[in-house]
Structure formats: structure tokens, C-alpha cells
Amino acid sequence: MNAMTPPDDSRPTTPSERGAASHGLEPSLLLGPAKDPAIIVDHISKKFRIYDERNRSLKAAVMRGRRARFQEFQAVDDVSFEVERGTTFGLVGENGCGKSTTLKCITRTIRPETGTITVDGRMSALLELGAGFHPELSGRENVYLNASILGMRKREVDAKLDEIVEFAGLERFIDMPVKNYSSGMYVRLGFAVAINVNPDILLVDEVLAVGDEEFQRKCNEKFATFRDAGGTIVVVSHGLEVMRDICDHAVWLEHGRITASGTSGDVIDHYLDMVRSERIERARERIGDGAGASPNAATGTNIVRAEMLHADTRDPVESLTATEGFVLRVTFDAEAVGEDVRTNFGIYRDDGQRVGSFNSGWSAADGPLTTVEMVAPRCPLQPGTYAVNVAIHDHSMLQEFERIDKFARFEVLPSEDRHQSGMVDFSQIWRTA
Amino acid sequence: MTATARRRKRPDYPLELLWNLTLRELRGKYKRSILGWGWSLLNPLVQLAVYSAVFGILFKATPPPGDPSGIHAYSFWLVSGLLAWNFHLNGVMGAIGSLAGNGNLIRKVYFPRSILPFATSLSWLVSFAIEIAALILILAVFQTINLAVLPLVVVAAVLLMLFSLGLGLLVSAVNVYFRDIEYLTQIALQVWFFGTPIVYNEKLLTNPKTGLHYHLLGIDVLTIEKLNPMYHFTGLFRTLLYHQTWPTFGEIGVLVAFTATSLLVGSIVFRRIEPRMAEEL
Ligand SMILES: Nc1ncnc2c1ncn2[C@@H]1O[C@H](COP(=O)(O)OP(=O)(O)OP(=O)(O)O)[C@@H](O)[C@H]1O
Ligand SMILES: [Mg+2]
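Rendered as C-alpha cells:
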């Protein structure tokens, strides 16, 4: 049934295809046309004007002889997708990539400059809950008002009122002016109205987490019922794991363009990969000029950097004496790992003999980048060549997330008075007893 | 193809929403005060008292005698024009406020934006109706009232509402782009008020010595007044409530023409700016 994406090969590439191609993504990340679309977003673009706020007066315009000066900002750039009826569709991407703008174009609050949007069915948006509530009016009066803003007739509201009030859990407060509501009550009433207007299509922008736990449970049940009843949902959220669960399909927007589209699992995986590699890239830039600069440093996938430093100077160290101290340091991407991490360093002699294996004993994950250090005040080893391994594990040490063998090599130099051999260099005191 | 067939049907103008928003305005206006609807009359009463004192007593303004009603009182002459002016003023300023004050709603929810100024106008129409009803009651008790004018009072009120709405649509839309329009409009309305013979008799526009009209920039001031819609609207309400007779068809034709022009220009400008309102506000 699709006018804009006929299945012959001569058709121009859709933006998602072009975007995917430029990212080298596999064809699973191309979302084909829907068989029975509830929403068709066809090549929409939206530019915002960003004004210099001081210029927004007639006085300034007259004095300058023209209208307020503005810059243009491309918030949505040639976006197309189709949402299959009865499915849940997700939009993911970084802050400011145009997700909310796309939703607002679908609701028609914002009109795109080019492209068309076709919506088949009654639509309700959970974008701003309780927008249009009048503080002086009672909850009940506001329900009628809000419902009519959302396109509901009085008779329908009459029939639904009890359900709405019960869902919001505001039976006792419904005749109180909403200015006396707590912000949670306000949002709950807004949500209750929006979800009870009997929509065929629900647009949800980051409002999955409203109200207390009890109310959230109710909301999730309501969403599930809505989906089971064949409702179509378009949802924007940064809760990627939830998105993976609830969405059938998703698109990933970057700077207003579609980078990937497809099943939610694939899209979110690719999105996560990108987020991770970008974060690591940034971390590398911040930490230094890559692993190659120092011979005693290395990089893995989750491990952003592992290195060996002199205890005092904190410079990369390749040789030291037994009386000098050293630091083994590892920086890893705790978010990529997804749980707390226990760190282990192993030191091996060049013949493969294990000199020692040292475990952090506790596990940590501190922000996106976690750095763990092991400080050894002395290096009690006999002269020779040694190598250091690093591994990161889960707390129980049952699972190893990553290991880098021999990320550092070092030479232990003989001290002046050498009267010993073997493997370790005890600190020793000699005397006649 | 089916894609076009499925194209969303343009919904009708949501009258139900218009009604609810009007109710919201009215309830918001009157709920805040204990006296409620009574307050609606206080402002015109105070205005009436002040203007009557200043112009009627201090300046000894003399209104023309009501013909054929026979009423000859400055306060009644004044109030029949003043109420109409206030209605106009509220309609225009209310329209600006209805867009500027509902940015939250406009940014988040789609509906025809003109509903907001329209609802405000309707709510002021209700206030105006109360004021006019009170005036008619007082006239009936203390003076006289010709009930035959009542149907035309209703028509005149609706006409004036639409005239102010047209202007309100224009300035409220432009105010989205230029934030100082609100203040400029306020100033312009002030000048307009004193430029219209509302508190003073239009006889003052004639030089008592020469018997000729004054001139402004070489133009006969009465010609200017003939081009002033509010000259005609306040005149209409005086004809109906002070003189208590029917206006001529010609006079009604002029008012309809003014109203149609105002609505036309207002809606054209409003519709042009409407698509961008959500992002500009
Ligand atoms: N009314 C507006 N005027 C100017 N710029 C705007 C306007 N609304 C949005 N933008 C800009 O458009 C871009 C996209 O905004 P949008 O709200 O769609 O982002 P988003 O993907 O929803 O981000 P988030 O994850 O933070 O919600 C942003 O850079 C934002 O600054
Ligand atoms: Mg957003």
C-alpha cells in the first residue's frame, strides 16, 4: 500500500538506508515499509530559528529596518519511518538529537518545513502532563477541560470520569482546586486523562517514570493493556533496557538524522556500541595520546587504559630497583561492563613463573570511567624481566570481563650491594645475635 | 493511493473545547473573589463615578438629550458608550494575553490556536452581557427603557465582539514575534479611547465660534471619526441604550463592513503565524 516506498529497485534510497550505509551497518538495520502503518513519517525536516532574545521587539526591528535576526538550527533532517499498527516504536538518541521535535511534528504542535506525516487513528500524547490545567479550577473541572483539549467530547468524559479519577487515585481530592495538588498528584491526573481518552495511538515522551511506585505499576499495566488491545505506541526514552523490552522497532537519531532503524534490539545494541566507543574515544583523548605513546600501557574493549607508573614520579616506568615503588593502574568503562568490577593484577617472570597475583578485594564502578590503582611501596623482586597482566571480574570472580596480558613489562635493576639470588627480595636486616 | 485516502481528515473546529475554555476563563475570573460575579460590575461603576465626577461635574459636560427616550443625564450617556469601549479593550488585550499566557498549552498540545482569543472574547461577552443587563435594569427603574431595542443590543454586542476579536487575532499573532506589541497596543488603545467621543460630546469637535469642525493635519476631524470604527460602535450603543431607538440600515452596514474587514485581516495574519506559534512562544 505504500506510495512513497514502492518495492522496485529504482526507488531512491531512504534516509535510513543512506544513514545506515554511511555507518556501515548491516541490512538488519533498515526498517522496511509497514504493511498496515498507523503513522507514516515521510521525509520531514524542521529548522528552528534561534533568536537573539534582545532583538525580539518591534522597536529593535524598526531601528534595524528588518525583522529579528535569527540563526537556523536543523533539529530534524529528512526523517522517514513508518509505524506498524499495533506495535510499539521507539526513538533513541542523545540529548538534543530531535526525538521530542519529531514527536511534536507527529502531534502537529510543530509543523515541519518539508515532508508529510500521515496519522491514521485517534492520537493522544503524553508529552506534557497536565498542560492546560487551570490552577483555580477543581480537579473535576480540569478533567473536562483537559479531555476536551485532547479532543474528547463531554459525553465521553462523563462516561470515563470515574475511571479517570480512580486511576489517578484522587477520589478525595477531585473537587479541590488543582493549585493545592502536589506535583505528583498533578501529573497523575494529567496522565490519567491522557491515557483514558481512548486513543488508538499513544505518543509518550520520557514520562514513563511519573508518580510513586504504585502509580508506576498502574501505568505499566495500562501500557500493557493498551498494547494488548492493539494500540500503537511511539515512545521516547533514555531507559534503553526498558526500550529494548517494550519496543518492537526503533530508530536511532543523531543530529536530527536517522542513523539506524530496525528491531529495537539491533538498534539499541548499535546505539550502545556507539555510545561506548565514543565515550572510550573521549576518555582516551582525556587520558593521553593513546596507548602507543608509552610502552607500558595498553587498551582493550572495556579497559580504556592499563599502565604501570613510578610510585613517586607517576611517570611510566620500565625499570626500577627493589627499593623503588610502583603503581599499577587500570581505567575501565564501568557502564559498558554494567556492574561493579573487581580488579586483579598478575606479575610474571619472563620464564612464565607467576610471582604474584593481587586482587582488589572489593569491587567498584564509579561513573562511566573508573580508575583503580594498586600501589606497591617497594618492588621486592630479584633483578630480571617481568610482565604484568590485568583482569577485571565480577564481584564473585566467577566471570572475567576482560584480561590484558603483559600490558606492561619492566626490568628490576640490581641494587649496589648484591649478595642474593632467587625470586624475591625480602627486606632484610643482618646482625650477630 | 491508500496513503492519500488515509490522510487525516481535518477535524471540525472544536466547539466543545471553545466552550470549555470559555468556561475556564469565566470560572478563573470569578472564582478568585468572594463576591464573584458582583465584581464584574465594580470596575465599570468606579469608572463611571470617576468620569462622571471629572467630566460631568467639574467640566460640566453636557450630553445631547436622549431622543426619543428623553433621558438627559451625563452618566447614562457616558456609560452606554463606555461599556462598549471597555468590552472592546478587554477583547483586544485579552486576545494578546490568551496567547502569551498559554504558551505552555500551545507548546505541548495541538488545537486551532484561534480558540484561545475566541474563548477570551466569549468570556468578555458574558461579562459585557451582565453589565448591559444591569444597565438596562437601572434604566428601567430610574429612567425608561424601550424593550424593542433589546434584540439589536444582542446583535450589536456580537458584532462588536467579532470586531474586537479580529483586531485581537491580529495583534496577538504579531505579539508572538514582537514582544513589545502588547505595550504598544496598550498605548494605542489609550490614544484611541480619548480620540473617540466617549467621555466627551462630539460637539466639542466643532469650533463654537466659527461653527466649523476642527482640523487635524488638514483633515476634518469628523471625517477622521467617520473612519474610526469605535466612533460608530459607541454611537450604536448610545443609539440603542441612551436614545433608545433603532439605528439606520446604513449605520449597521458600516459596522458590518468594519467587522468583516477586521475579522478578515485578523484571521489572515493569524493563520500565517499560527504554524510557528508553538516554537516561537
Ligand atoms: N522551540 C525551539 N526553538 C529553538 N530550538 C529548539 C526548539 N525546540 C527544540 N530546539 C532544539 O532542537 C534540538 C532538538 O530538540 P529535541 O527536544 O527534539 O531533542 P530531544 O532529542 O528530545 O532531546 P532530549 O533527549 O534531551 O529530550 C535541540 O538542539 C533543541 O535545542
Ligand atoms: Mg526530548
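Those protein sequence lines, which keep their order, are chains A and B.
Once you know that position 212 of the first sequence is 211 in numbering that gives the first Met the number 0, the rest is easy, because the numbers rise by one and skip nothing.
Once you know that position 42 of the second sequence is 41 in numbering that gives the first Met the number 0, the rest is easy, because the numbers rise by one and skip nothing.
Virtual Cβ for every residue (Gly too), placed ideally from N, Cα, C.
What three-state label does DSSP hand residue i in the structure shown?
i	result
D244(A)	helix
F222(A)	helix
F405(A)	Strictly speaking, residue 405(A) in this sequence is Lys, with Phe absent from that position. Correct three-state label for K405(A): strand.
I109(A)	coil
W18(B)	helix
P228(B)	helix
A72(B)	coil
A132(B)	helix
D77(A)	strand
S44(A)	strand
S27(A)	Model confidence at S27(A) stands at a pLDDT of 49, short of 50, so the residue's coordinates are unreliable; what they give is reported in the following sentence. Correct three-state label for S27(A): helix.
G95(A)	coil
T13(A)	Caution is warranted here: a pLDDT of 44 is assigned to T13(A), below 50, making its placement in the model unreliable, and no coordinate value can be reported.
S122(B)	helix
R430(A)	coil
D265(A)	helix
F177(B)	coil
N145(A)	helix
Keeping to the same chain, check which residues put their C-beta closer than 7 angstroms to that of residue i; ignore five residues upstream and five downstream.
i	result
D119(A)	A37
K8(B)	Low local confidence applies: a pLDDT of 47 at K8(B) is under 50, so the model's placement there is unreliable, and no value is given.
L188(B)	L88 and V91
S126(B)	S39
P367(A)	R278, D332, A333 and E334
Q398(A)	H392
A146(A)	V156, V192 and V196
L25(B)	S122 and V125
D66(B)	H242
Can you list the residues of chain A that residue i reaches, using a CB-CB cut of under 7 angstroms?
i	result
P274(B)	R110
L183(B)	L57
A172(B)	Under the 7 angstroms cutoff, chain A gives no residues; its nearest Cβ is about 13 angstroms from A172(B).
L16(B)	S147 and I148
R112(B)	What R112(B) touches in chain A: nothing, since even the nearest Cβ is about 10 angstroms away.
R106(B)	T108
Going by the CB atoms, is the gap between residue j and residue i shorter than 8 angstroms?
i	j	result
F110(B)	I148(A)	yes
P196(B)	E130(B)	no
G360(A)	R353(A)	no
W84(B)	L151(B)	no
T87(A)	R243(A)	no
G265(B)	L158(B)	no
A255(A)	D76(A)	In the sequence on display, residue 255(A) carries Gly and not Ala. Yes.
C378(A)	L308(A)	no
N343(A)	S356(A)	yes
T231(A)	I200(A)	yes
A249(A)	G89(A)	yes
S182(A)	R178(B)	no
F69(A)	I49(A)	yes
A296(A)	R304(A)	yes
Taking Cβ-Cβ distances shorter than 8 angstroms, what residues in chain B pair up with residue i?
i	result
H133(A)	R23, R26 and G27
R328(A)	Under the 8 angstroms cutoff, chain B gives no residues; its nearest Cβ is about 49 angstroms from R328(A).
F222(A)	Near F222(A) there are no residues of chain B at all, since even the closest Cβ is about 20 angstroms away, more than 8 angstroms.
F88(A)	Simply none; closest approach about 17 angstroms.
Which residues in the same chain have their Cβ closer than 6 angstroms to the Cβ of residue i, if we skip the five residues on either side of it in sequence?
i	result
H231(B)	V253 and L254
S97(B)	L115, P116 and T119
E213(A)	none
A386(A)	Y347, K405 and R408
For residue i, return the contacting residues in chain A, with the cut-off set at a CB-CB distance below 9 angstroms.
i	result
P13(B)	S147, I148 and G150
V91(B)	Simply none; closest approach about 17 angstroms.
I180(B)	S56 and L57
What does residue i touch in chain B if you count any residue whose Cβ is under 7 angstroms from its own?
i	result
Y143(A)	N19
A60(A)	F177
R107(A)	Y109
F344(A)	None at all; the shortest Cβ gap to chain B is about 55 angstroms.
Can you list, in chain order, the residues of its chain whose CB lies under 8 angstroms from that of residue i, leaving out five sequence neighbours each side?
i	result
L77(B)	L47, Y50, S51, F54, G55, P62, I197 and V198
H133(A)	E140, N141, L144 and V177
Show which residues of chain A have a CB atom less than 8 angstroms away from the CB atom of residue i.
i	result
R271(B)	In chain order: nothing, as chain A lies at least about 12 angstroms away.
E130(B)	Chain A residues near E130(B): none, gap ~22 angstroms exceeds 8 angstroms.
A277(B)	K103, T108 and I109
Would you mind giving the Cβ-Cβ distance between residue i and residue j, rounded to the nearest angstrom? I have them listed as a contact below 8 angstroms.
i	j	result
C246(A)	S263(A)	4 angstroms
L136(A)	V177(A)	7 angstroms
K45(A)	P111(A)	5 angstroms
Answer yes or no: does any C-beta atom of chain D fall closer than 8 angstroms to that of residue i?
i	result
L136(A)	You won't find chain D in this structure, because its protein chains are A and B.
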